[in-house]
Amino acid sequence: ETGVTQTPRHLVMGMTNKKSLKCEQHLGHNAMYWYKQSAKKPLELMFVYNFKEQTENNSVPSRFSPECPNSSHLFLHLHTLQPEDSALYLCASSQDGQITGELFFGEGSRLTVL
Amino acid sequence: EDQVTQSPEALRLQEGESSSLNCSYTVSGLRGLFWYRQDPGKGPEFLFTLYSAGEEKEKERLKATLTKKESFLHITAPKPEDSATYLCAVQASEGYSTLTFGKGTMLLVSP
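Read top to bottom, the protein sequences are chains A and B.
Under the working numbering, residues 53 to 166 are what the first sequence spells out, in order.
Under the working numbering, residues 491 to 601 are what the second sequence spells out, in order.
Structure below.
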């Protein structure tokens, strides 16, 4: 596989469920990101990991919990979400988290919270 | 606070009808301005990086230009396969800075 892969592509969950989104990059990059994309809104940065260390937490509610076990894998653990959390969650990677704005995105995980 | 405003929100063109998309930005100091293309149900795909006023980049029917306040994405003789949402983002030059995105322009090219 090449590029950035996200699973699952679609997820429906209740407000009391616990689920996780997974992202894997095969580009040899050192930085990984989670973005949220809602209709009619700009992409919202949630978390940044640079060399496995979290360097950005953009005031994200604690019901979203990221995990980065190595430079190639990124998870977003979800629990007790709200309906307004329904959105497209995009994972991205870049060579370096501080210098470049050239991001490589996955196809996203479409989340629906009932 | 960095800001990016894209216009129009949506644009419908006939095949072959050239036009331009606008990205106006406010940033304390510009490290780079980035254009992305996003197809429905997909993640954004990187197109161009522009670093300084006067710079231009081209790719097939697309040309991106940059001034101190805005960037244009010119589309020459578009084809239906150019239909997508085009996103603009800026990165400030101060210290550690992440991207600030605009809401995008949805382009539809009809045959």
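Beta carbons are placed, not taken as given, at the ideal position from N, Cα and C, and that holds for glycine.
As the structure is a computational prediction, the values presented were derived from the model and not from experiment.
{"Check": "8 angstroms Cβ cutoff met for B:Gln-496 and B:Gly-592", "Outcome": "yes"}
{"Check": "Min CB distance B:Gly-522 to chain A below 8 angstroms", "Outcome": "yes"}
{"Check": "Under 7 angstroms by beta carbon: chain A residues contacting B:Glu-532", "Outcome": "This sequence places Lys at residue 532 of chain B; Glu is not what is there. Within 7 angstroms Cβ-Cβ: Glu-159."}
{"Check": "Residues sharing a beta bridge with B:Gln-496, DSSP", "Outcome": "B:Cys-513"}
{"Check": "Positions along the stretch 553 to 586 of chain B whose CB lies within less than 9 angstroms of some CB in chain A", "Outcome": "Leu-577, Ala-579, Val-580, Gln-581, Gly-585 and Tyr-586"}
{"Check": "Where A:Pro-205 falls: helix, strand or coil (DSSP)", "Outcome": "What is shown of chain A runs 53 to 166, which leaves residue 205 of chain A out entirely."}
{"Check": "Simplified DSSP state of A:Pro-118, which is helix, strand or coil", "Outcome": "strand"}
{"Check": "Interface partners of B:Lys-593 on chain A, CB under 8 angstroms", "Outcome": "Lys-92, Lys-93 and Pro-94"}
{"Check": "Nearest candidate by alpha-carbon position, reference B:Arg-527, set B:Ala-554, B:Ser-518, B:Ala-543 and B:Arg-521", "Outcome": "B:Ala-554"}
{"Check": "Below-8 angstroms beta-carbon distance, A:Val-64 vs any chain B residue", "Outcome": "no"}
{"Check": "Option nearest B:Ser-600 by Cα separation, candidates B:Ser-510, B:Cys-578, B:Ser-583 and B:Pro-568", "Outcome": "B:Pro-568"}
{"Check": "Cβ neighbour criterion (16 or more within 10 Å) applied to A:Lys-70", "Outcome": "exposed"}
{"Check": "Residue range of the unbroken beta strand (DSSP E) whose run includes A:Glu-54", "Outcome": "Note that residue 54 of chain A is Thr in the sequence shown, not Glu. No beta strand (DSSP E) holds A:Thr-54; DSSP gives it neither H nor E."}
{"Check": "Inter-residue spacing [alpha-carbon to alpha-carbon] between A:Leu-97 and A:Ala-144", "Outcome": "10 angstroms"}
{"Check": "Contacts of A:Gly-153 in chain B (Cβ-Cβ under 7 angstroms)", "Outcome": "Gly-522, Phe-524, Thr-539, Ala-579, Gln-581 and Leu-589"}
{"Check": "Residue closest to A:Leu-79, alpha-carbon to alpha-carbon, out of A:Arg-61, A:Ser-123 and A:Lys-92", "Outcome": "A:Ser-123"}
{"Check": "Identity of the residues DSSP links to A:Val-165 by a beta bridge", "Outcome": "A:Met-65"}
{"Check": "Alpha-carbon to alpha-carbon, B:Leu-523 and A:Leu-128", "Outcome": "28 angstroms"}
{"Check": "Buried versus exposed, by CB contacts within 10 Å (16 or more), A:Gly-160", "Outcome": "buried"}
{"Check": "A:Asp-137 beta carbon less than 8 angstroms from that of A:Leu-166", "Outcome": "no"}
{"Check": "Length of the line joining the Cα atoms of B:Leu-520 and B:Ala-579", "Outcome": "11 angstroms"}
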